[in-house]
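Asks: Here it is: the structure, laid out below.
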Amino acid sequence: MKEDLGKSFKMLRESKGLSQKEIAGDIISIAQLSRFERGISSINAETLYNCLENMNVSVEEFQCVCRDFLQSQNAIFQNDVAKAFLEKNTLKLREYLAKYQSLASIAPGQKFYRLNTIIIKSVLYQCDDFDKVSKKDIQFLVDYLFSVEEWGRYELWLFTYSAALMTNNLVEIFASEMINRTQFYQEIPENRRLVNQMLFNVIIICVERNRFSLAFKLLNYADNLKREETDLFTRNAVKYCRGYYLCKRGNLSGLTIMEKCTEIMIFLECYTIAQQMSDRLTKLKQEKSYLQKEIT
1 MKEDLGKSFK MLRESKGLSQ KEIAGDIISI AQLSRFERGI SSINAETLYN
51 CLENMNVSVE EFQCVCRDFL QSQNAIFQND VAKAFLEKNT LKLREYLAKY
101 QSLASIAPGQ KFYRLNTIII KSVLYQCDDF DKVSKKDIQF LVDYLFSVEE
151 WGRYELWLFT YSAALMTNNL VEIFASEMIN RTQFYQEIPE NRRLVNQMLF
201 NVIIICVERN RFSLAFKLLN YADNLKREET DLFTRNAVKY CRGYYLCKRG
251 NLSGLTIMEK CTEIMIFLEC YTIAQQMSDR LTKLKQEKSY LQKEIT
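Sequence positions in the sequence shown follow the UniProt record's numbering and run 1 to 296.
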């Protein structure tokens with residue numbers, strides 16, 4: 001770990017054409033800084049922060065560079081599961097399922113292996129390629145989420161891909177807690193992206209379950225989040241969810257909104273996402289057509 005941090009720091013310093021002496025200043029000795037860059041020793045957080053300040057590099061930028069040297073296996077796994085779910089790549093998901101079931105059996109005391117296994121089962125179930133997740137597993141997951149005082153990335157990810165398993169009351173409790181517990185993380189772009197993804201998933205679930213009051217609350221929360229105009233995907237996704245909500249409430253103008261949002265994703269060549277949007281739109285039109293026939 002310290003070797004990777006030092007390498008990242010050195011790469012940034014050299015890319016800016018700065019010497020160790022310029023960065024060290026009166027914060028740290030040149031010898032200490034040199035040992036840190038070579039991975040021989042560590043420096044404390046305050047010293048690292050001050051050195052980054054001397055380079056005009058934010059902590060966020062430093063984290064991004066570090067990811068090129070070191071990305072945790074758990075982070076890679078989470079991204080892979082999200083991607084496989086989007087693409088409905090059940091073969092990839094089953095490969096991960098076998099891996100984590102094996103790890104969980106080898107180390108039954110490691111709760112994260114079991115939690116990861118539960119999430120893979122949840123995603124497979126949502127892809128219509130797996131049996132229902134057991135009540136025992138769901139309760140284990142719920143107990144864990146309740147036990148965490150302040151949610152981080154892992155907990156955001158867990159809830160995002162397991163909300164479909166939970167009862168309406170649990171979804172409402174966790175969605176409300178989510179809004180309160182993630183305020184601190186809104187300043188971190190990656191966490192902000194995870195919060196947005198969670199909102200979209202939970203809003204869709206709420207609308208499908210006719211939990212319109214919660215869906216409306218979350219839509220308003222999503223609308224009020226500070227976003228740059230360049231954040232086109234998020235803005236489009238919120239519009240799409242709003243259209244879905246309106247349509248399920250009987251306002252057919254929602255269909256037009258959903259169609260426009262789908263067309264935008266096609267225009268941007270985001271075909272996998274566009275396909276998901278289109279599939280839900282088609283299903284919704286079929287439902288409306290069926291209801292009209294029943295009435296007549």
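Just so it is clear, CB atoms sit at the ideal spot from N, CA and C, and this is done for glycine as well.
Could you give the C-beta distance for residue 171 and residue 206, rounded to a whole number, given that I count them as a contact under 8 Å?
Replies: 7 Å
Asks: Sorted by chain position, which residues of the same chain lie with C-beta nearer than 8 Å to residue 262's C-beta, five sequence neighbours on each side aside?
Replies: 240, 274, 277, 278, 281
Asks: Out of 168, 174, 156, which has the shortest C-alpha to C-alpha gap to residue 190?
Replies: It is 156 whose Cα lies nearest to the Cα of residue 190.
Asks: Using CA coordinates, which residue listed in 197, 237, 247 is at the minimum distance from residue 286?
Replies: 247
Asks: Among the candidates 58, 21, 7, 14, whose CA atom is the shortest distance from the CA of residue 38?
Replies: 7
Asks: If you draw a straight line from the C-alpha of residue 251 to the C-alpha of residue 45, how long is it?
Replies: Taking the straight line joining both Cα atoms gives about 54 Å.
Asks: Taking C-alpha atoms, which residue in 217, 222, 169, 167 lies nearest to residue 195?
Replies: 222
Asks: Count the other CB atoms within 10 Å of the CB of residue 167; is the residue buried (16 or more) or exposed (fewer)?
Replies: So residue 167 ends up on the exposed side.
Asks: Between which two residues does the alpha helix (DSSP H) containing residue 265 stretch?
Replies: 253 to 267
Asks: So residue 200 and residue 237 are in contact, right, with Cβ under 8 Å, and what is the actual spacing, rounded?
Replies: 5 Å
Asks: Any chance the CB of residue 253 is under 7 Å from a heavy atom of the ligand HEM?
Replies: Summarising the ligand content, the structure contains no ligands, and the ligand HEM is consequently not present.
Asks: To the nearest angstrom, report how far apart residue 9 and residue 15 are at their CA atoms.
Replies: Roughly 10 Å between the two C-alpha positions.
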